[in-house]
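Chemist: Residue numbers (my numbering): 298 to 755.
No residue lacks a Cβ here, since even glycine has one placed at the ideal position from N, Cα and C.
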Ligand code: ARG
């Protein structure tokens, strides 16, 4: 008979058990469920709602049930629907009818809300740590490449040269915002919902703050109806996770491009690349591709959760059981990607000379010729047109600006002098962007210092 079987006259259809049960996936919550129950039962004893002796027996029993589950020795059944009822059933099997006192003043509705928060708290801490490791790897590469120049792109057309360190730090800052978003979500995740009961609270004189303190929550939730129907914290997490996935996907795309023969800017370490079953020469950036690809499922989980929630009346509805798989999958997907990214970035070989050639053999110093003329007194709009003509002339000659003789350059403006060659050299062009946030070496060094300080504080 089911734990709630009293008002029923026959057993549930097997198809219903199979369809409605969540034990197949929510057994991941066993540890958190029992952690929550231990705090709850301690409170019941403390408040004299059950005897301290019973509370002690139940707590011991719960610990043994957890050991059994973790050792794979417990039989979890679909008929018991979910992790909450499976644990209660195992507890009663283990310690007898006194186990039936555990659920006093509690409902699965506030229980599952608590479990989700406990799970997510741990996941957030782990993910912030993993983000930090990727930021550290990016910063290490940046420090090694404060003199490595590559073309910066807009429209995927070579635009202006930048330091490779600057490019790495752009991603470090994206991930910093991701860390801060997760940190900010903490104050909403870290509230304790137990005590909301099924929806309206409980008649027992429970001490919600006691439970909150035991479980290291900052505070208790304020409204029982909201407590059992709120999954905003899941949506918020999935949304932060989607941004992380999007950032990783953009970086992945660059790694894939840069590893191609067409760019030939980097080589990923053999340990982080894969081969082809047919083409012996292949070395593929599979990890980066798969991280890019898996962003799709994370975005999907966010949309799925929002859609599940959008029409639900207060308070708990069974629909809400759909909050779990997407969240678990998102946590595991992110952990997998971030765990690989740190060593993959750290071991990536940067082909400095090829990057430099891509800058040298192009027109990404054209803005600097225009700026040069402005400094000599020409209006920018005019210098833009003058340089446009010089670029067109160079293309026709099969040359780049730095290959033109002084006389050739002077056809476009007599303001151009011998110092133009120095002004258009890639090193000068980069060093000239010496404003806060710019690509000049000391500015990138400032970014490195700033991220390192933030990493120490995260
Ligand atoms: N397995 C359920 C879930 O994940 C637990 C809460 C069930 N509550 C209920 N009244 N059926 O949402």
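Going by the beta-carbon positions, is the gap between residue 471 and residue 438 smaller than 8 Å?
Modeler: In the chain shown, counting from the first residue as 1, residue 471 sits at position 174. In the chain shown, counting from the first residue as 1, residue 438 sits at position 141. Their beta carbons are not under 8 Å apart, which means residue 471 does not touch residue 438 by this criterion.
Chemist: Measure the alpha-carbon distance for residue 494 versus residue 406 and round it to whole angstroms.
Modeler: On the chain shown, position 197 is the one that residue 494 refers to. On the chain shown, position 109 is the one that residue 406 refers to. Cα to Cα, the separation comes out at about 7 Å.
Chemist: Counting C-beta neighbours from all protein chains within 10 Å, is the total for residue 416 16 or more, i.e. buried, or is it exposed?
Modeler: Taking the first residue of the chain shown as 1, we reach residue 416 at position 119. Looking at its Cβ environment, which holds 16 or more other Cβ atoms inside 10 Å, residue 416 is buried.
Chemist: Which whole-angstrom value is the C-beta distance of residue 320 and residue 377, which I expect to be below 8 Å?
Modeler: In the chain shown, the residue the question calls residue 320 occupies position 23. In the chain shown, the residue the question calls residue 377 occupies position 80. The Cβ separation is near 7 Å, so the contact holds.
Chemist: Here's the rule: buried if 16 or more other CB atoms are within 10 angstroms of the residue's CB, otherwise exposed. What is residue 313?
Modeler: Locating residue 313 in the chain shown gives position 16, counting from the first residue. Result: exposed.
Chemist: Note down the Cα distance separating residue 757 from residue 436, rounded to an integer number of angstroms.
Modeler: Residue 757 is absent from the model: the chain starts at 298 and stops at 755.
Chemist: Taking the beta carbon of residue 385 as the centre, do at least 16 other beta carbons fall within 10 Å, making it buried, or is it exposed?
Modeler: Translated into the one-based positions of the chain shown, residue 385 becomes position 88. It counts as buried.
Chemist: Going by DSSP, what residue range makes up the alpha helix (DSSP H) through residue 571?
Modeler: As a working note, residue 571 is residue 274 in the chain shown. Per DSSP, residue 571 belongs to no alpha helix (DSSP H) and is neither H nor E.
Chemist: Can you confirm whether the region 655 to 666 touches the region 711 to 726 when touching is taken to mean that 3 or more C-beta pairs between the two stretches lie within less than 8 Å?
Modeler: A contact exists between the region 711 to 726 and the region 655 to 666.
Chemist: From this set, 682, 646 and 518, which residue's C-alpha is nearest residue 566's C-alpha?
Modeler: Your numbering for residue 566 matches position 269 in the chain shown. When each option's Cα is compared against that of residue 566, the closest is 646.
Chemist: Roughly how many whole angstroms lie between the Cα atoms of residue 335 and residue 486?
Modeler: Counted from its first residue, the chain shown places residue 335 at position 38. Counted from its first residue, the chain shown places residue 486 at position 189. In a straight line, the C-alpha of residue 335 is about 20 Å away from that of residue 486.
Chemist: I think residue 686 touches residue 709, with their Cβ atoms under 8 Å apart; what is that distance to the nearest whole Å?
Modeler: Counting from one through the chain shown, the residue named residue 686 turns up at place 389. Counting from one through the chain shown, the residue named residue 709 turns up at place 412. Rounded, the Cβ-Cβ distance is 6 Å, consistent with contact.
Chemist: Please give me, in chain order, every unbroken run of the alpha helix (DSSP H) with length at least 4 that falls completely inside the region 316 to 385.
Modeler: List check, alpha helix (DSSP H) in window: 320 to 323, 327 to 343 and 349 to 367.
Chemist: Report the CB separation of residue 488 from residue 517 in whole angstroms; it is logged as a contact under 8 Å.
Modeler: Locating residue 488 in the chain shown gives position 191, where the first residue counts as 1. Locating residue 517 in the chain shown gives position 220, where the first residue counts as 1. 6 Å between Cβ atoms; contact.
Chemist: Let me check you understand the geometry: is the CB of residue 468 closer than 7 Å to at least one non-hydrogen atom of the ligand ARG?
Modeler: Taking the chain shown and counting its residues from 1, the one referred to as residue 468 is at position 171. No; taking the cut-off as 7 Å, the Cβ of residue 468 has no heavy atom of the ligand ARG nearer than that.
Chemist: Compare the beta carbon distance of residue 545 and residue 588 with 8 Å and say whether it is the shorter of the two.
Modeler: For the purposes of this step, residue 545 is taken as residue 248 along the chain shown, with counting starting at 1. For the purposes of this step, residue 588 is taken as residue 291 along the chain shown, with counting starting at 1. Result yes, Cβ atoms of residue 545 and residue 588 sit closer than 8 Å.
Chemist: Tell me the DSSP bridge mates of residue 449?
Modeler: Within the chain shown, the letter at position 152 stands for residue 449. Answer by DSSP bridge pairing, in chain order: 457.
Chemist: Hey, quick one: how far does the alpha helix (DSSP H) through residue 727 stretch, first residue to last?
Modeler: By one-based count along the chain shown, residue 727 stands at place 430. Looking at the DSSP string, the run of the alpha helix (DSSP H) that includes residue 727 is 723 to 728.
Chemist: Tell me whether residue 581 sits in a helix, a strand or coil according to DSSP, three-state version.
Modeler: In the chain shown, the residue the question calls residue 581 occupies position 284. It is a strand residue.
Chemist: Any idea if residue 662 is buried or exposed, counting beta-carbon neighbours within 10 angstroms, 16 or more meaning buried?
Modeler: Translated into positions along the chain shown, residue 662 becomes position 365. Looking at its Cβ environment, which holds 16 or more other Cβ atoms inside 10 Å, residue 662 is buried.
Chemist: I need the DSSP call for residue 693, collapsed to helix, strand or coil.
Modeler: Your numbering for residue 693 matches position 396 in the chain shown. Residue 693 falls in the helix class under three-state DSSP.
Chemist: Quick check for students: name the residue ranges of the beta strand (DSSP E) that lie wholly in the region 451 to 516, counting only runs of 3 or more.
Modeler: Within the region 451 to 516, the complete beta strand (DSSP E) runs of at least 3 residues are 454 to 460.
Chemist: So is the beta-carbon of residue 324 under 7 Å away from any non-hydrogen atom of the ligand ARG?
Modeler: In the chain shown, the residue the question calls residue 324 occupies position 27. Checking the Cβ of residue 324 against the ligand ARG gives no.
Chemist: Is residue 521 close to the ligand ARG? I mean its beta-carbon at under 7 Å from any heavy atom of the ligand.
Modeler: In the chain shown, residue 521 corresponds to position 224, counting from 1. No, the beta carbon of residue 521 sits no closer than 7 Å to any heavy atom of the ligand ARG.
Chemist: Alpha helix (DSSP H) containing residue 736: first to last residue?
Modeler: Against the chain shown, residue 736 aligns to sequence position 439. That residue, residue 736, is in no alpha helix (DSSP H); it is neither H nor E in DSSP.
Chemist: State the DSSP-derived secondary structure class of residue 551, mapped to helix, strand or coil.
Modeler: As a first step, residue 551 must be located in the chain shown, where it is residue number 254. Residue 551: helix per DSSP, three-state reduction.
Chemist: From this set, 526, 739 and 599, which residue's C-alpha is nearest residue 614's C-alpha?
Modeler: Position 317 of the chain shown, counting from 1, holds the residue named residue 614. Of the candidates 526, 739 and 599, the one whose C-alpha sits nearest the C-alpha of residue 614 is 526.
Chemist: Where does residue 442 sit, in a helix, a strand or coil, going by DSSP?
Modeler: Taking the first residue of the chain shown as position 1, residue 442 is located at position 145. Coil at residue 442, not helix or strand.
Chemist: Find out if the Cβ-Cβ distance for the pair residue 455, residue 650 is shorter than 8 Å.
Modeler: In the chain shown, the residue the question calls residue 455 occupies position 158. In the chain shown, the residue the question calls residue 650 occupies position 353. No; because the gap between Cβ atoms is not below 8 Å, this pair is not in contact.
Chemist: I need the boundaries of the alpha helix (DSSP H) containing residue 621, first residue and last residue.
Modeler: Counted from its first residue, the chain shown places residue 621 at position 324. Run containing residue 621: 620 to 643, per the alpha helix (DSSP H) assignment.
Chemist: For residue 330 versus residue 400, is the C-beta spacing smaller than 8 Å?
Modeler: Residue 330 sits at position 33 when you count from the first residue of the chain shown. Residue 400 sits at position 103 when you count from the first residue of the chain shown. Cβ atoms of residue 330 and residue 400: not closer than 8 Å.
Chemist: Looking at the secondary structure, which residues open and close the alpha helix (DSSP H) in which residue 306 lies?
Modeler: Position 9 of the chain shown, counting from 1, holds the residue named residue 306. Segment: none, residue 306 is in no alpha helix (DSSP H) and carries neither H nor E.
Chemist: Any contact between the region 598 to 606 and the region 617 to 625? By contact I mean 3 or more CB pairs, one from each, below 8 Å.
Modeler: With the cut-off at 8 Å, the region 598 to 606 and the region 617 to 625 touch.
Chemist: Taking residue 368 as the reference, give the member of 654, 328 and 353 with the closest Cα.
Modeler: Your numbering for residue 368 matches position 71 in the chain shown. Among 654, 328 and 353, the Cα nearest to that of residue 368 belongs to 328.
Chemist: Out of 657, 592, 641 and 612, state which residue places its alpha-carbon closest to the alpha-carbon of residue 628.
Modeler: Translated into the one-based positions of the chain shown, residue 628 becomes position 331. The residue with the shortest Cα to Cα distance from residue 628 is 592.
Chemist: Run through the DSSP bridge pairs and tell me what residue 646 is partnered with.
Modeler: Stepping through the chain shown from its first residue, residue 646 is reached at position 349. DSSP output for residue 646 lists 564 as bridge partner(s).
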